[in-house]
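Structure first, then comments.
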Amino acid sequence: MAAEGRKRIGRAPLLLMGMGCLVAGVWGGLVRLPLNMPLPGGNANWLSFHGPLMVCGFLGTVIGLERAVGLRGWWTYVAPLLTGMGASMVVAGMMGRVPVAFIAAGSLWFWVVTLWVVKLQRVTFTMVMSAGALAWAVGNVCWWAGWPFNRVVPWWIAFLALTIVGERLDLSRFQKQSKWSRPLLYAALGLFVGGVVLASIKQVPGERLTGLGLLALAGWLGRFDLARRTIRQPGLPRFMAVCLLAGYVWLALAGLLMTVFSPLESGLRYDATLHSFFLGFVFSMIFGHAPVIFPAVLVLQPSFRLTFYSHVVLLHLAVLLRVGSDVVKWGPGRQWGGIASALAIGLFLANTITSFVVPVRPKVKLARTV
Ligand code: HEM
């Protein structure tokens with residue numbers, strides 16, 4: 137028990153760095169809506185680096201930590217340590233290439249970790265995840281080399297899309313496969329990865345192909361994922377399946393928007409495409425997997441309760457309002473949608489923490505009197 141406590145304490149600083157980036161990133165995103173909020177210490181980095189704080193500082197660090205916890209080698213913790221440190225420097229207001237170099241180095245290290253996993257287990261899902269880690273590293277090196285964020289974004293999208301597809305393949309691997317499942321998966325992955333690479337050379341055709349690839353991946357996940365079966369089971373399996381299937385709808389919409397709205401530069405179309413993916417898809421996946429991932433990282437008992445549906449419903453309504461308002465160019469709707477997304481993330485954290493701190497009360501059975 138003492139050893140588990142020590143592990144939890146050792147992981148806490150990395151988790152805190154990731155969470156700090158989430159808070160600063162969401163804060164900066166709200167100011168960019170625009171909302172009239174003060175920036176703590178007048179730190180404009182929260183605003184300018186909203187995207188990288190969310191993708192690299194929060195998601196990258198937490199994903200790196202989750203992988204390190206599963207692998208149990210001290211050297212695997214170096215990846216989240218480097219990305220967490222670099223992103224914390226950005227949060228603290230540091231400018232220039234040093235923090236970006238830390239983040240790029242951390243993501244390269246993470247790629248090495250995933251290659252090691254491929255060496256241990258040479259199967260499709262480990263390779264897909266490793267390709268995701270490579271995409272993240274490529275994007276971060278491009279950022280370090282001075283590329284604008286809108287040209288780096290396809291690589292960050294690839295990092296998260298491939299990581300999540302790999303994770304789903306891992307969890308669905310004991311399911312009976314149809315003979316079409318693998319060829320269709322490889323075709324969708326080829327389309328998507330080809331699009332991401334092309335987008336760095338020729339933006340519009342590359343982004344359109346990336347969008348089609350996202351659509352194909354959403355179709356594949358929606359058709360072959362285990363979630364279609366587990367939605368019929370009560371409790372946690374159904375909750376996870378609802379999050380996953382709703383997330384695939386956002387993934388498809390992000391693909392459609394990317395195909396139609398390319399070139400992605402800035403403004404409402406950029407906002408709609410990016411947040412369909414990052415908030416609608418990625419956060420739905422996080423909400424779905426959190427009841428099993430947090431306990432694994434923090435060595436706590438998994439706990440699920442029906443109140444978890446509250447943050448899921450709020451998130452999807454919020455993203456719907458935001459993306460819909462972006463498309464019809466309705467400023468107040470976009471602002472309220474942005475605020476509600478931030479509230480959904482806050483509610484998610486509150487519900488998750490409460491589930492660990494307040495034990496579930498056993499249902500009281502009334503004695504039969506007749
Ligand atoms: C929680 C609520 C959020 C709010 C209020 C918010 C707000 C914004 C705004 C206003 C923009 C600028 C769009 C434009 O160019 O007009 C933006 C860009 C962006 N957001 Fe968010 N966002 C949120 C969540 C997220 C999440 C969860 C992620 C990723 C996981 C994310 C990633 C990005 C990225 C990558 C960009 C592009 C950055 C750039 O080009 O500088 N956002 N966001």
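So for the sequence shown, our numbering puts the first residue at 137; every next one is plus one.
Even glycine gets a Cβ: it sits at the ideal position worked out from N, Cα and C.
{"Item": "Three CB pairs or more closer than 8 Å across the segment 262–278 and the segment 244–252", "Value": "yes"}
{"Item": "Complete runs of the beta strand (DSSP E) confined to the segment 296–337 [at least 3 residues]", "Value": "none"}
{"Item": "Rounded distance between the beta-carbons of L345 and P367, thought under 8 Å", "Value": "Looking at the sequence provided, one finds Ile at residue 367 rather than Pro. Going by Cβ atoms, the distance from I367 to L345 rounds to 31 Å, so no, they are not a contact pair."}
{"Item": "Proximity test, G403 beta-carbon vs the ligand HEM heavy atom, cut-off 7 Å", "Value": "yes"}
{"Item": "V494 in three-state terms, based on DSSP", "Value": "coil"}
{"Item": "Cβ distance (whole Å) where F261 is taken to contact G196 below 8 Å", "Value": "F261 to G196, Cβ: 19 Å. No contact."}
{"Item": "Coil, strand or helix - L400 by DSSP", "Value": "coil"}
{"Item": "Between the CA atoms of F360 and Y322 - distance to the nearest angstrom", "Value": "13 Å"}
{"Item": "Candidates F238, L387, P216, of which the one nearest A352 by Cα", "Value": "L387"}
{"Item": "M112, buried or exposed, once every other Cβ within 10 Å from all chains shown has been counted against 16", "Value": "This structure cannot settle anything about residue 112, because the visible part of the chain is limited to 137 through 506."}
{"Item": "The segment 327–338 / the segment 283–291 touching (three or more Cβ pairs under 8 Å)", "Value": "yes"}
{"Item": "Inter-residue spacing [alpha-carbon to alpha-carbon] between V191 and A297", "Value": "12 Å"}
{"Item": "beta-carbon W252 near the ligand HEM non-hydrogen atom, thresh 7 Å", "Value": "no"}
{"Item": "Whole-angstrom distance between V494 and G349, CA atom to CA atom", "Value": "43 Å"}
{"Item": "R168 beta carbon near the ligand MN (any heavy atom closer than 7 Å)", "Value": "Of the ligands one can find in the structure shown, namely the ligand HEM, none is the ligand MN."}
{"Item": "Whether G416 touches L457 by CB criterion (8 Å)", "Value": "no"}
{"Item": "Residues near V226 in its chain [Cβ-Cβ closer than 6 Å; skip 5 each side]", "Value": "N181, F185, P235"}
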